[in-house]
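Peer 1: In this note's numbering, the protein residues as written are 572 to 853. Every residue, glycine too, gets a C-beta built ideally from N, C-alpha and C.
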Ligand code: HPA
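(1) Give the DSSP-derived three-state secondary structure of residue 765 in the structure shown.
(2) Reducing DSSP to helix, strand and coil, say where residue 789 ends up.
(3) Nearest by alpha-carbon distance to residue 757: which of 746, 749, 769 and 796 is it?
(4) Mind checking which residues open and close the alpha helix (DSSP H) that includes residue 667?
(5) Within 10 angstroms of the Cβ of residue 746, are there 16 or more other Cβ atoms? Answer buried if so, exposed if not.
(6) Report yes if the CB atom of residue 832 is closer than 8 Å to the CB atom of residue 698, and no otherwise.
(7) What is the rounded straight-line gap between the Cα of residue 585 and the Cα of residue 617?
(8) When DSSP builds the beta bridges, which residues end up paired with residue 803?
(9) Just to confirm the assignment, what range does the alpha helix (DSSP H) spanning residue 723 have?
(10) At a threshold of 7 Å, does residue 812 count as lining the ligand HPA (C-beta to nearest heavy atom)?
(11) Buried or exposed, going by whether 16 or more other CB atoms sit within 10 Å of the CB of residue 844?
(12) Quick check: the segment 773 to 789 against the segment 669 to 685, are there 3 or more CB pairs under 8 Å?
(13) Apart from the five residues just before and just after residue 606, which ones in its own chain have a Cβ nearer than 6 Å to its Cβ?
Shown next, in the form of structure tokens:
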């Protein structure tokens, strides 16, 4: 069996054969947030099961394909459907696509997710720019032997979320008059939502929003030196003293309502990335 490095190269070669561009960005579309893919002028759509070594998506509302094409005149890759720890994948499997995006020459990674709001100033449907995170998944995608070709053993996490991307997103949100909260995201393994006592704990330790994804991808992006930004859609409020039951259809509905401003923001951000200047990487 080939090692991780070889698998990444095989996967990247497969994509490159079907789409000969260097992506300006790779975008991961979170729960209920797939419609951004419609803005992309698709040039190749690759089902995950056909890409060597890619895991397969099992989560409801996640399609499971890599859309390759143009957005705002830039070549981009979009994951329609992401992989979650609660589906039974290892964190190494979940973050494999991030490794492939880096190998393809992507210069930024943009992540979206649906999250529960812990900050009482937030409202259902708000967008939150993730400024920092707390990893409570009980696991880490970098556990195991470190391949120095992919990154260093002890990556620094003092500024995991790229400052320049964050500043641009804040500026663009102002220009577009899109309210954009900022805060700390905490990731748990899931799949159950949290108890009131857990929400109280998560708020106490400094989190503004809670979800079951994103943090593994960010850790691997930092390891790979791939600048990363992430935005949460607050799909439900998780206030321990005023908690009401929440269902997946409700979460999906709120995510869909928040999609229009999120799409605008991401498209504007992509337009700030350098256009393709050189020939695609060989
Ligand atoms: N917890 C609570 N509410 C949520 C989550 C979560 O992980 N994701 C979306 N809404």
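Peer 2: On the basis of the coordinates in this document:
(1) Taking the chain shown and counting its residues from 1, the one referred to as residue 765 is at position 194. Residue state, collapsed to three classes: coil.
(2) Walking along the chain shown from the start, residue 789 turns up at place 218. Three-state DSSP puts residue 789 in a helix.
(3) The sequence position of residue 757 within the chain shown is 186, counting from 1. Among 746, 749, 769 and 796, the Cα nearest to that of residue 757 belongs to 769.
(4) In the chain shown, counting from the first residue as 1, residue 667 sits at position 96. Element bounds for residue 667: 667 to 674.
(5) By 1-based counting over the chain shown, the position of residue 746 is 175. So residue 746 ends up on the exposed side.
(6) As a position in the chain shown, residue 832 is number 261, starting the count at 1. As a position in the chain shown, residue 698 is number 127, starting the count at 1. The answer is yes: Cβ separation under 8 Å.
(7) As a working mapping, residue 585 is identified with position 14 in the chain shown. As a working mapping, residue 617 is identified with position 46 in the chain shown. Going from the Cα of residue 585 to the Cα of residue 617 covers about 10 Å.
(8) Position 232 of the chain shown, counting from 1, holds the residue named residue 803. For residue 803, which the question treats as bridged, DSSP gives the partners 684 and 699.
(9) Counting from one through the chain shown, the residue named residue 723 turns up at place 152. Neither: residue 723 is in no alpha helix (DSSP H) and is coded neither H nor E.
(10) As a first step, residue 812 is located in the chain shown; it is residue number 241 there, counting from the start. It does not: the Cβ of residue 812 is nowhere closer than 7 Å to a heavy atom of the ligand HPA.
(11) Position 273 of the chain shown, counted from the first residue, corresponds to residue 844. Classification of residue 844: buried, given that the 10 Å Cβ count is 16 or more.
(12) yes
(13) Position 35 of the chain shown holds residue 606. The residues are 830.
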